[in-house]
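Q:
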DNA sequence: CTGAAAGCGCTTACAG
DNA sequence: CTGAAAGCGCTTACAG
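Residue numbers (the UniProt record's numbering), protein chains in the order written: chain A, 1 to 339; chain B, 1 to 339.
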């Protein structure tokens, strides 16, 4: 925190009777500098307390920030609470480390200031974590002339979407889970940014603002045909404990098969089923998405996907690489929680 | 991702026959510009596809980045796995939001490239998450002439340490937990960056490289007097599940009171005790640190502290505020897991 | 192996 | 209400 005068390359150059650019070379291409010059420059730098090239000036000159911005549509605390969001960010961070890139977190809450904060980040590209179709930040980010990766959607011009085919995976998962069931039900992610937990009956997927959720619901509906009476419980967050109440409310409708939109939500259903003494899968079939480490242990039927890999893909896009060739991989992994 | 030519303020100025600085005023102090001029400038900007002031150029000119860097001594995935680290980061993020500041994550792994990554972050100040005394990144960060907050220590010249008095809190917690105990034991955070889990007997605190861990151990020793035979199990990470094995190893030594260095580790002990049919606190007294949401539910005796508040303090320091007046607050909260 | 010059895109007092 | 000038600290071809 020593707030010494700022020492610049020019100061160092002056001190040892050399040009500023030679000092620059000492830091950027030391091989091109005579050993004796290098030594003198380093000595002068040490004497003056020069701290090395200023990263901001360097970024301006190189027209390259060496950093990507990750736009989160939530308070950080919530984002980190979600195990899949964490896996995703870990994937992003891995690419950043490999490429020596920085990682700027930009939590947004829907406030007007979000726009300025997003615009004023000194980054070369952006990753937007799943958001609603109408999120105003989306258009702003895409209008910045920098590469943008959107995880999970929505699809917008100027951005690449990374994620699995949610509708197809839902179709297949519903086929497995609802096979032989007479009273299917769904435990769903939030429909909208308000995240109001509730129990609905046969809600229209069109009313769902989060594309991932909407597509999964559509996939489930594809399979089901008549969905007029389908109980759909909507949670506030992707959290096992937090979802306990809605899982209970859902089981109150006495379903015999539940598709939940994540492992965490599926566990919430299993927890609730356990409290009621229901046998799984005999009385109740349950399935989810993600296939995190706990899913295998619990024998959970789930859609296997790698948020880590998707995080990597997003980071590569934000860094300006050509996009990954294919959609993100997924597969339905059938275990013992379904019949 | 439209990679249009870059449009600058000068282009906009030229386009509508105005000086570049007037354009600048339109973005920074629109009140000082004649309404008609403002209109024309905005029109020209729209026509040209000008995206607003470049954040990097602005930062260079203003000598202010509007961002703080958070140095994590681990892969992101691990850092996020720790509930207290998440609370801490949430506190940091809250201040960032209030102040319109950016938040740059800088995970370090001990590699040589860490140094460059830390130096090349365009930030106004740094927060260093608890690290070992000898972490080379520490000296680098402190030599940058920017404010530095270190959470938990080590104390180094040029940085402010934020955290509780670990030794005093340990002394008090040990007094509560070991009261009437004949075979005390400790479940400890890692001693060193290698994070090798192991069971030791009366290890010297001086050998512990993480200051938080060292001070807590010292506080416990203060209370104990003779520690020659004290079983101390060391975990790899602050994670309830991960710590299960070492908790078991510790209970194999048949202690009747365990001080664990966090709620998570205390839960690991309670889990292990449950598996053995031990009664708490009759057969085994257990206590921890943090007082997270689960602690109250479990009736855990623990050291109450707010990592969120400490994250806020660190962020304020990194932003250049005078430091918080006092040390971080803590108190021993006695519940039912101790006698 | 080293230097002179230009310029990255912007903002800041200072005049007028 | 608007402009001319300087400069934030650095790097990049290009000469020599």
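Every residue gets a Cβ at the ideal spot worked out from N, C-alpha and C, and that includes glycine.
Is there at least one Cβ from chain B nearer than 9 Å to residue 2 of chain A's Cβ?
A: Against the first chain, residue 2 of chain A aligns to sequence position 2. In this prediction, residue 2 of chain A scores a pLDDT of 41, lower than 50, which makes its location untrustworthy; the coordinate-derived value is nonetheless stated afterwards. It does; some Cβ of chain B falls within 9 Å.
Q: Count the other CB atoms within 10 Å of the CB of residue 21 of chain B; is the residue buried (16 or more) or exposed (fewer)?
A: What you label residue 21 of chain B is simply residue 21 of the second chain in a count that begins at 1. Exposed: under 16 other Cβ atoms inside 10 Å.
Q: What does the alpha-carbon distance come out to for the pair residue 92 of chain A and residue 88 of chain B?
A: On the first chain, position 92 is the one that residue 92 of chain A refers to. On the second chain, position 88 is the one that residue 88 of chain B refers to. Their backbone Cα atoms lie some 21 Å apart in a straight line.
Q: For the beta strand (DSSP E) that residue 20 of chain A lies in, which residues bound it at each end?
A: Locating residue 20 of chain A in the first chain gives position 20, counting from the first residue. Where residue 20 of chain A is concerned, there is no enclosing beta strand (DSSP E), although the alpha helix (DSSP H) it sits in stretches over 20-28.
Q: Name the residues in the stretch 97-111 of chain B whose C-beta lies less than 8 Å from a C-beta of chain A; which are they?
A: 97, 100, 102, 103, 104, 105, 106, 107, 109
Q: Can residue 145 of chain B and residue 153 of chain B be called in contact, C-beta distance under 9 Å?
A: Numbered from 1 along the second chain, position 145 holds the residue referred to as residue 145 of chain B. Numbered from 1 along the second chain, position 153 holds the residue referred to as residue 153 of chain B. Residue 145 of chain B is not a Cβ neighbour of residue 153 of chain B, given a cutoff of 9 Å.
Q: Cα separation between residue 328 of chain B and residue 264 of chain B?
A: Stepping through the second chain from its first residue, residue 328 of chain B is reached at position 328. Stepping through the second chain from its first residue, residue 264 of chain B is reached at position 264. Approximately 21 Å, taken between the alpha carbons.
Q: Would you call the CB atoms of residue 128 of chain A and residue 95 of chain A closer than 9 Å?
A: Reading the first chain from its first residue, position 128 is the one you call residue 128 of chain A. Reading the first chain from its first residue, position 95 is the one you call residue 95 of chain A. No.
Q: Residues of the stretch 225-254 of chain A in Cβ contact with chain B at a cutoff of 7 Å, in chain order, please.
A: none
Q: On a CA-only basis, which of A:49, A:247, A:24 is nearest residue 189 of chain A? Give me that one, please.
A: Numbered from 1 along the first chain, position 189 holds the residue referred to as residue 189 of chain A. Answer by Cα proximity: A:247.
Q: Are residue 222 of chain A and residue 171 of chain A touching if we call contact CB-CB under 9 Å?
A: For this step, residue 222 of chain A is matched to residue 222 along the first chain. For this step, residue 171 of chain A is matched to residue 171 along the first chain. A contact, by the Cβ cut-off of 9 Å.
Q: Identify the contact partners of residue 217 of chain A in chain B, using a Cβ-Cβ distance below 8 Å as the criterion.
A: Looking up residue 217 of chain A in the first chain gives position 217. Within 8 Å Cβ-Cβ: nothing; residue 217 of chain A doesn't reach chain B, min ~29 Å.
Q: Could you check which residue in B:37, B:124, B:73, B:80 has the C-alpha nearest to that of residue 60 of chain B?
A: In the second chain, the residue the question calls residue 60 of chain B occupies position 60. Nearest of B:37, B:124, B:73, B:80 to residue 60 of chain B, Cα basis: B:124.
Q: Counting only the same chain and skipping the five closest in sequence on each side, list residues whose C-beta sits under 6 Å from that of residue 199 of chain B.
A: Your numbering for residue 199 of chain B matches position 199 in the second chain. Answer for residue 199 of chain B: 233, 249, listed in chain order.
Q: Do you know how far the Cα of residue 330 of chain A is from the Cα of residue 306 of chain A?
A: Within the first chain, numbered from 1, the residue matching residue 306 of chain A stands at position 306. Within the first chain, numbered from 1, the residue matching residue 330 of chain A stands at position 330. A straight line joining the alpha-carbon of residue 306 of chain A with that of residue 330 of chain A spans about 8 Å.
Q: Using the rule of at least 16 other Cβ atoms within 10 Å of the residue's Cβ for burial, across every protein chain shown, is residue 82 of chain A buried or exposed?
A: Here residue 82 of chain A is taken as the residue at index 82 of the first chain, counted from 1. Classification for residue 82 of chain A: buried.
Q: Pull up the CB-CB distance for residue 286 of chain B and residue 266 of chain B, whole angstroms please, since I reckon it's below 8 Å.
A: As a working note, residue 286 of chain B is residue 286 in the second chain. As a working note, residue 266 of chain B is residue 266 in the second chain. Yes, residue 286 of chain B and residue 266 of chain B are in contact; Cβ-Cβ is about 5 Å, under 8 Å.
Q: Would you call residue 110 of chain B buried or exposed, if buried means 16 or more other Cβ atoms sit within 10 Å of its Cβ?
A: If you number the second chain from 1, residue 110 of chain B lands on position 110. Under this definition residue 110 of chain B is an exposed residue.
Q: Less than 9 Å between the beta carbons of residue 269 of chain B and residue 220 of chain B, yes or no?
A: As a working note, residue 269 of chain B is residue 269 in the second chain. As a working note, residue 220 of chain B is residue 220 in the second chain. No, Cβ-Cβ distance for residue 269 of chain B and residue 220 of chain B is not below 9 Å.
Q: Let me see if you follow: with CB-CB separation under 9 Å, is residue 54 of chain A close to chain B or not?
A: As a position in the first chain, residue 54 of chain A is number 54, starting the count at 1. It does; some Cβ of chain B falls within 9 Å.
Q: Verify whether the separation of the beta carbon atoms of residue 340 of chain A and residue 16 of chain A is less than 9 Å.
A: With chain A covering 1 to 339 only, the question about residue 340 of chain A has no answer from this structure.
Q: Taking residue 331 of chain B as part of the alpha helix (DSSP H), name the residues at either end of that continuous run.
A: Taking the first residue of the second chain as position 1, residue 331 of chain B is located at position 331. Unbroken run through residue 331 of chain B is the beta strand (DSSP E), 331-333; no alpha helix (DSSP H).
Q: Given a cut-off of 9 Å on the beta-carbon distance, is the pair residue 48 of chain A and residue 7 of chain A in contact?
A: As a working mapping, residue 48 of chain A is identified with position 48 in the first chain. As a working mapping, residue 7 of chain A is identified with position 7 in the first chain. Closer than 9 Å, so yes.
Q: Residues in its own chain within less than 8 Å of residue 254 of chain A by CB, not counting five upstream and five downstream?
A: Position 254 of the first chain, counted from the first residue, corresponds to residue 254 of chain A. So the list reads 183, once near-sequence residues are dropped.
Q: Anyone know if the C-beta pair for residue 68 of chain A and residue 102 of chain A falls short of 9 Å?
A: Locating residue 68 of chain A in the first chain gives position 68, counting from the first residue. Locating residue 102 of chain A in the first chain gives position 102, counting from the first residue. Yes; because the gap between Cβ atoms is below 9 Å, this pair is in contact.
Q: How many Å lie between residue 3 of chain A and residue 308 of chain A at the Cα?
A: As a working mapping, residue 3 of chain A is identified with position 3 in the first chain. As a working mapping, residue 308 of chain A is identified with position 308 in the first chain. Low local confidence applies: a pLDDT of 46 at residue 3 of chain A is under 50, so the model's placement there is unreliable, and no value is given.
Q: Does the beta carbon of residue 121 of chain B come closer than 9 Å to any beta carbon on chain A?
A: As a first step, residue 121 of chain B is located in the second chain; it is residue number 121 there, counting from the start. By this cut-off, residue 121 of chain B is an interface position.
Q: Which one or two residues does DSSP pair with residue 301 of chain A in a beta bridge?
A: For the purposes of this step, residue 301 of chain A is taken as residue 301 along the first chain, with counting starting at 1. Residue 301 of chain A is bridged to A:287.
Q: Using 9 Å as the limit for Cβ to Cβ distance, is residue 41 of chain B near chain A?
A: Position 41 of the second chain holds residue 41 of chain B. Residue 41 of chain B does not count as touching chain A.
Q: Taking Cβ-Cβ distances shorter than 8 Å, what residues in chain A pair up with residue 24 of chain B?
A: Against the second chain, residue 24 of chain B aligns to sequence position 24. Per Cβ cutoff of 8 Å: no residues; residue 24 of chain B is ~15 Å from chain A at best.
Q: Chain A partners of residue 75 of chain B, CB-CB under 9 Å?
A: Position 75 of the second chain, counted from the first residue, corresponds to residue 75 of chain B. Residues of chain A passing the Cβ test: 90, 93, 94, 97.
Q: Buried or exposed: residue 204 of chain B, going by 16 or more other Cβ atoms within 10 Å of its Cβ?
A: Position 204 of the second chain, counted from the start, is the residue given in the question as residue 204 of chain B. Residue 204 of chain B is exposed by the Cβ-count criterion.
Q: Within its chain, find whatever has a CB closer than 8 Å to the CB of residue 321 of chain A; leave out the 5 residues flanking it on each side and keep chain order.
A: In the first chain, counting from the first residue as 1, residue 321 of chain A sits at position 321. Within the same chain, residue 321 of chain A has no close Cβ partners at all.
Q: Just the chain B side, please: which residues come within less than 7 Å of residue 60 of chain A by C-beta, in chain order?
A: Position 60 of the first chain, counted from the first residue, corresponds to residue 60 of chain A. Here the neighbours are 56, 57, 60.
Q: Mind pulling the chain B residues with CB within less than 9 Å of residue 65 of chain A?
A: By 1-based counting over the first chain, the position of residue 65 of chain A is 65. Chain B residues near residue 65 of chain A: 55, 56, 122.
Q: Quick check on residue 2 of chain B: does DSSP put it in helix, strand or coil?
A: Within the second chain, the letter at position 2 stands for residue 2 of chain B. Model confidence at residue 2 of chain B stands at a pLDDT of 41, short of 50, so the residue's coordinates are unreliable; what they give is reported in the following sentence. It is coil, neither helix nor strand.
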